[in-house]
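Plus 66 on top of the position in the sequence shown (first one is 1) and you've got this note's numbering.
Structure record follows, encoded as structure tokens.
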Amino acid sequence: MIYHLLFLFLWAKAPVCANQAIVHKDYPQLKTKLDKKIREASNLEAIAQEADTVLSKLIANKSPVLLTWLDKRELMAATEEEIAKQWRQYYFENFVLLQYPTQNQRINRSVQNLFEQINEESFDADFKRKAEELLKKVKDQAKKLVVSWPIEKKSKTRITHKIDTVELYWFDKLKGSPYENSPLEFVRWGLAYDPPKNRINMGIEARMYPTDASFFAALAHEIGHAFDPCRWSFYFQSENPFQPLIQCFRKEKGLAAKKRDDSKMLWAVENNKLTEEMAGSLKKHLTCNRSFYPPEGTQKEQSLEIFADWFSAEVFARSEYSSEFPRPDLCAKRQLSRGSSYLPNATRLNKIYFAHPKLTKDKDSSDYCALNP
Numbered sequence: 067m068i069y070h071l072l073f074l075f076l077w078a079k080a081p082v083c084a085n086q087a088i089v090h091k092d093y094p095q096l097k098t099k100l101d102k103k104i105r106e107a108s109n110l111e112a113i114a115q116e117a118d119t120v121l122s123k124l125i126a127n128k129s130p131v132l133l134t135w136l137d138k139r140e141l142m143a144a145t146e147e148e149i150a151k152q153w154r155q156y157y158f159e160n161f162v163l164l165q166y167p168t169q170n171q172r173i174n175r176s177v178q179n180l181f182e183q184i185n186e187e188s189f190d191a192d193f194k195r196k197a198e199e200l201l202k203k204v205k206d207q208a209k210k211l212v213v214s215w216p217i218e219k220k221s222k223t224r225i226t227h228k229i230d231t232v233e234l235y236w237f238d239k240l241k242g243s244p245y246e247n248s249p250l251e252f253v254r255w256g257l258a259y260d261p262p263k264n265r266i267n268m269g270i271e272a273r274m275y276p277t278d279a280s281f282f283a284a285l286a287h288e289i290g291h292a293f294d295p296c297r298w299s300f301y302f303q304s305e306n307p308f309q310p311l312i313q314c315f316r317k318e319k320g321l322a323a324k325k326r327d328d329s330k331m332l333w334a335v336e337n338n339k340l341t342e343e344m345a346g347s348l349k350k351h352l353t354c355n356r357s358f359y360p361p362e363g364t365q366k367e368q369s370l371e372i373f374a375d376w377f378s379a380e381v382f383a384r385s386e387y388s389s390e391f392p393r394p395d396l397c398a399k400r401q402l403s404r405g406s407s408y409l410p411n412a413t414r415l416n417k418i419y420f421a422h423p424k425l426t427k428d429k430d431s432s433d434y435c436a437l438n439p
């Protein structure tokens, strides 16, 4: 949970971010409230009982794993009550929520109730209505943009259909939801495009955007994923009209978008990290990443996120919000893992959004990539 607080209060150094509200004024209080609710849930009878049973067994066996856990958290001299409290919270997040659903139906019901409460407290009718209205504005503006592009009519039709049919997905119950096997994603994620269902999953961090303009830009980014380089390869299966644009993204003196590193593909197959069928699919779709591939620390394809930012900037620049700050959330300093599919936030903001001629004072920005140079 701590990394969320760091994310919210560490600012990028870019001067353009001066005096920008990075998150909505109500978000920190909401986040604190939800984090507390999750911590307190570890003391619910069914959850606490199982956590205490496991702790007792580890103590009885003098488990070195437990000793390491205690030492890492400086709990060696703590009271039994404090150790039990800390252990329940750890057990709940790492052995219940990360491995949900469990074999214990009482625990499952407690978790289901918890997340239904979190959903009700986070997304009221007013917020849902505003989000749906903003999505409609994004879709209308995005379709106008696509129609104006100098690409073949067939491609325009297919793209506008994707845009027309994209929807927002609102949490109802864990069972059958995208969060069924990973409940914490609902709390720790915001907007996430779901390709097979062509919808945008709404996580709690969707409440983070400080202005309608920033929410609009973020929704446009997610819609851009509906026809990004991976989805074009996977669903459209025709010549990509954005190939010159992607080549521009890869220019070393520009965004320098990195390609997916497949050097560990054979190793992944040989060590049962990747099936031969999955490897074959990835070889056909060179611009696609998967949650399990490339392996952690190995370079992921970056053109996907850059394309979504580029599309967002194009839509935003032609919208009623064009005079406002597009993505204040990108003013936050984000620690990227090695091989990330993302560029640093400051780069995204300055070299994609503010590289657009209609969004920057520098009309001759060399970082701007046009659809048709």
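Just so it is clear, CB atoms sit at the ideal spot from N, CA and C, and this is done for glycine as well.
Quick caveat, the model's predicted, so the values are computed rather than measured.
**Prompt:** Between Leu-200 and Leu-124, which are expected to be in contact by the criterion C-beta below 8 Å, what is the C-beta distance as a whole number of angstroms?
**Reply:** As a working mapping, residue 200 is identified with position 134 in the sequence shown. As a working mapping, residue 124 is identified with position 58 in the sequence shown. At roughly 49 Å, the Cβ-Cβ gap does not stay under 8 Å, so Leu-200 and Leu-124 are not in contact.
**Request:** Per DSSP, which residues does Leu-234 bridge with? Please list them.
**Result:** Counting from one through the sequence shown, the residue named residue 234 turns up at place 168. Secondary-structure assignment with DSSP links Leu-234 through a beta bridge to Ile-266.
**In chain order, each alpha helix (DSSP H) run of at least 4 residues that lies wholly inside the segment 355-431** = 369-383 and 411-414
**Same chain, Cβ closer than 6 Å to Phe-420, five either side skipped, listed in chain order** = As a working note, residue 420 is residue 354 in the sequence shown. These residues qualify, in order along the chain: Thr-426.
**Message:** With a threshold of 6 Å (Cβ to nearest heavy atom), would Phe-391 be considered close to the ligand PLP?
**Reply:** This structure lacks the ligand PLP; in fact it carries no ligand of any kind.
**Item:** Bridge partners - Ala-258, DSSP secondary structure assignment
**Value:** The residue given as residue 258 occupies position 192 in the sequence shown. DSSP lists Asn-267 as partners of Ala-258.
**Prompt:** How many Å lie between Lys-99 and Val-253 at the Cα?
**Reply:** Counted from its first residue, the sequence shown places residue 99 at position 33. Counted from its first residue, the sequence shown places residue 253 at position 187. The alpha-carbon atoms of Lys-99 and Val-253 are separated by roughly 12 Å.
**Request:** Between the Cα of His-90 and those of Phe-302, Tyr-275 and Phe-377, spot the shortest distance and give me the residue it belongs to.
**Result:** As a first step, residue 90 is located in the sequence shown; it is residue number 24 there, counting from the start. Considering only alpha carbons, the answer is Tyr-275.
**Asked** Which residues in the same chain have their Cβ closer than 8 Å to the Cβ of Glu-155, if we skip the five residues on either side of it in sequence?
**Response** Numbered from its first residue, the sequence shown carries residue 155 at position 89. Contrary to the premise, residue 155 reads as Gln rather than Glu in this sequence. Answer for Gln-155: Arg-105 and Ser-108, listed in chain order.
**Asked** Under a Cβ-count criterion, where at least 16 other Cβ atoms within 10 Å of its own Cβ denotes burial, should Val-213 be classed as buried or exposed?
**Response** The residue labelled residue 213 in the question sits at position 147 within the sequence shown. So Val-213 counts as exposed.
**Prompt:** How is Arg-273 classed by DSSP in three states: helix, strand or coil?
**Reply:** As a working note, residue 273 is residue 207 in the sequence shown. Here Arg-273 sits in helix by DSSP.
**Item:** Proximity to Ser-188 [Cα-Cα], best of Asp-92, Lys-317 and Arg-316
**Value:** Mapped onto the sequence shown, residue 188 falls at position 122. The shortest Cα separation from Ser-188 among Asp-92, Lys-317 and Arg-316 belongs to Asp-92.
**Cβ separation of Arg-400 and Asn-355, assumed to be a contact under 8 Å, to the nearest whole Å** = Your numbering for residue 400 matches position 334 in the sequence shown. Your numbering for residue 355 matches position 289 in the sequence shown. The Cβ separation is near 18 Å, so there is no contact.
**Asked** What is the C-beta distance between Pro-249 and Leu-321, in whole angstroms, given that I count them as a contact (C-beta under 8 Å)?
**Response** Residue 249 sits at position 183 when you count from the first residue of the sequence shown. Residue 321 sits at position 255 when you count from the first residue of the sequence shown. In fact, because the Cβ distance is near 35 Å, the residues do not count as touching under 8 Å.
**Asked** Are the beta-carbon atoms of Phe-282 and Tyr-387 separated by less than 7 Å?
**Response** Locating residue 282 in the sequence shown gives position 216, counting from the first residue. Locating residue 387 in the sequence shown gives position 321, counting from the first residue. Taking 7 Å as the Cβ cut-off, Phe-282 and Tyr-387 qualify as a contacting pair.
**Item:** Cβ distance (whole Å) where Phe-293 is taken to contact Lys-228 below 8 Å
**Value:** By one-based count along the sequence shown, residue 293 stands at place 227. By one-based count along the sequence shown, residue 228 stands at place 162. That pair is a contact at about 6 Å.
**Item:** Alpha-carbon to alpha-carbon, Thr-231 and Ala-197
**Value:** To locate residue 197, count along the sequence shown from 1; it is residue 131. To locate residue 231, count along the sequence shown from 1; it is residue 165. Spanning the two alpha carbons is a distance of roughly 16 Å.
**Prompt:** Whole-angstrom Cβ separation of Leu-240 and Gln-183, contact assumed at under 8 Å?
**Reply:** The residue given as residue 240 occupies position 174 in the sequence shown. The residue given as residue 183 occupies position 117 in the sequence shown. Wrong, their Cβ atoms sit about 12 Å apart, outside the cutoff.
**Message:** Check whether the segment 204-219 and the segment 369-381 touch, using three or more Cβ-Cβ pairs below 8 Å as the test.
**Reply:** yes
**Prompt:** What residue from Gly-405, Phe-358, Phe-382 and Phe-193 has the CA that sits closest to Ser-369's CA?
**Reply:** Within the sequence shown, residue 369 is the residue found at index 303, counting from 1. Closest by alpha carbon: Gly-405.
**Prompt:** Going straight from the alpha carbon of Asp-190 to that of Glu-318, what length do you get?
**Reply:** Counting from 1 along the sequence shown, the entry for residue 190 is found at position 124. Counting from 1 along the sequence shown, the entry for residue 318 is found at position 252. Each residue's alpha carbon lies about 46 Å from the other.
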